[in-house]
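Read the structure below first, then the notes.
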């Protein structure tokens, strides 16, 4: 259980029970502290507490209501098996997940395809899909110049949780043999949530296809369709750091981070007319966000350090995390180049560029 004062736990428990009762659902607290309903449904109290721990105190009621509303709506939704072949092809999406979370899922995701040594892609359909204004002109992207976020920003969006204002540690460019020190530490957010590896099932926004469902529709064919549909998801925000070294991409779609599966298409939009022959370094701290740096010169070294810090900090302050690490994309190949480890006291980041990135950096300095 996430550490929290007993008075707060009592309030969260009481509000949750009252909310369910107000919707005609009789629930009691079971032996595991979960909310057990008369119809056999169980709502995990730990998930509700974790949600509150990452939400401002004044917004707890709204957060709990939204969480329980979504879970209750799920019960009346059709199952994947109820979809026709045409409906499935329209709704299926490819989604990037931490590989470590796949084995923990209650759904058989054995068909997952590895992307890197710590990321994999699976297939799902999204719940509660609604029309998005970003689809009106160019599929997948808001028309250029129509969003204020297209303009350069002083800084990227601030870290959303209390205590997360720790400064990113920027490492000065070092000699070629030691560009990236063994590790550096950043003070951690004392209010953040430290939990075990999350499972895909803890996200209530999608329904994952299991191995049997994927096999029935053709694994390769369904992945092709799912990746194409993810590529068409809207991207609402393209923000630029004042030194022009980093881009922050974001959107309401829960598949923004998964757009790295079609990186060439993404880069053609973000870096229109600019060369990406050396590739890009990117981070996907949560499902709604991508951080990017286009490698083009010696400035890549400090930019990579900044990107690693930025990604790791954002990841530890979100309930929708994908990865705290950063990656190098080059000629359709993705390689992990950092490792972030979080403890109660610090966030440690180690950057280890692979041979390809090392050769590129050497050629540019």
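Residue numbers (this note's numbering): 233 to 597.
Here a beta-carbon is modelled for each residue, glycine too, at the ideal position from N, C-alpha and C.
Quick caveat, the model's predicted, so the values are computed rather than measured.
- prompt: residue 573 lies in the alpha helix (DSSP H); which residues open and close that run?
  reply: First-last for residue 573: 570-574, but that is the beta strand (DSSP E), not the alpha helix (DSSP H).
message: Runs of 3 residues minimum, wholly inside the region 471-548: which ones carry the beta strand (DSSP E) assignment?
response: 479-482, 512-515 and 521-526
Beta-carbon spacing of residue 489, residue 516 below 8 angstroms: yes
task: From the DSSP output, in three-state form, read off residue 259 for me.
output: strand
At least 3 beta-carbon pairs within less than 8 angstroms: the region 511-529 vs the region 539-549: yes
- prompt: Is residue 236 helix, strand or coil when you go by DSSP?
  reply: coil
task: Please state whether DSSP places residue 446 in a helix, a strand or coil.
output: helix
message: Could you compute how far the alpha carbon of residue 507 sits from the alpha carbon of residue 500?
response: 9 angstroms
message: If the criterion is Cβ atoms closer than 8 angstroms, does the pair residue 328 and residue 554 meet it?
response: yes
query: Within 10 angstroms of its Cβ, does residue 299 collect 16 or more other Cβ (buried), or is it exposed?
result: buried
query: Cα-Cα, which of 455, 486 and 571 is closest to residue 468?
result: 486
Boundaries (first-last residue) of the alpha helix (DSSP H) holding residue 462: 451-463
message: I'd like the span of the alpha helix (DSSP H) that includes residue 357, first residue to last.
response: Where residue 357 is concerned, there is no enclosing alpha helix (DSSP H), although the beta strand (DSSP E) it sits in stretches over 351-358.
task: State the start and end residues of the unbroken beta strand (DSSP E) segment that holds residue 330.
output: 324-330
query: Nearest CA to the CA of residue 520: which residue from 504, 527 and 546?
result: 546
query: Within this structure, are the beta carbons of residue 558 and residue 569 separated by less than 8 angstroms?
result: yes
- prompt: Rounded to a whole number of angstroms, what is the C-alpha to C-alpha distance between residue 442 and residue 282?
  reply: 27 angstroms
task: Specify, as a first and last residue, the run of the beta strand (DSSP E) that residue 579 falls within.
output: 578-583
query: If we call anything under 8 angstroms between Cβ atoms a contact, is residue 481 one with residue 522?
result: yes
message: Out of 354, 531 and 348, which one is the CA nearest neighbour of residue 603?
response: Here the chain comprises residues numbered 233 to 597, so residue 603 is not present and cannot be evaluated.
message: Can you give me the C-alpha to C-alpha distance between residue 462 and residue 337, rounded to a whole angstrom?
response: 22 angstroms
task: Count the other C-beta atoms from every protein chain shown that fall within 10 angstroms of the C-beta of residue 585, then say buried if there are 16 or more, exposed otherwise.
output: buried
- prompt: So, helix, strand or coil for residue 554, using DSSP?
  reply: coil
message: Is it buried or exposed, residue 184, if we count other Cβ atoms within 10 angstroms and call 16 or more buried?
response: Missing from the structure shown is residue 184; the chain here goes from 233 to 597 and no further.
message: For a test of the three-state rule: what should DSSP assign to residue 611, helix, strand or coil?
response: For the chain, the structure presents residues 233 to 597; residue 611 sits outside this window and is missing.
- prompt: CB residue 295 to CB residue 284, shorter than 8 angstroms?
  reply: yes
Local conformation of residue 337 per DSSP, three classes: coil
- prompt: Would residue 591 be called buried (16 or more neighbouring beta carbons within 10 Å of its own) or exposed?
  reply: exposed
field: Limits of the beta strand (DSSP E) - the one that residue 267 falls within
entry: 267-269
query: Going by the beta-carbon positions, is the gap between residue 518 and residue 564 smaller than 8 angstroms?
result: no
task: Put residue 441 into one of helix, strand or coil per three-state DSSP.
output: coil
query: Would you say residue 531 and residue 497 are within 8 angstroms of each other, going by their C-beta atoms?
result: no
- prompt: Taking DSSP as the reference, what is the three-state secondary structure of residue 567?
  reply: strand
task: Can you tell me which of the three DSSP states residue 287 falls into?
output: coil
message: From the DSSP secondary-structure annotation, give me the bridge partner or partners of residue 274.
response: 268
- prompt: Given that a residue counts as buried once 16 or more other Cβ atoms are within 10 Å of its Cβ, and exposed if not, what is residue 354?
  reply: buried
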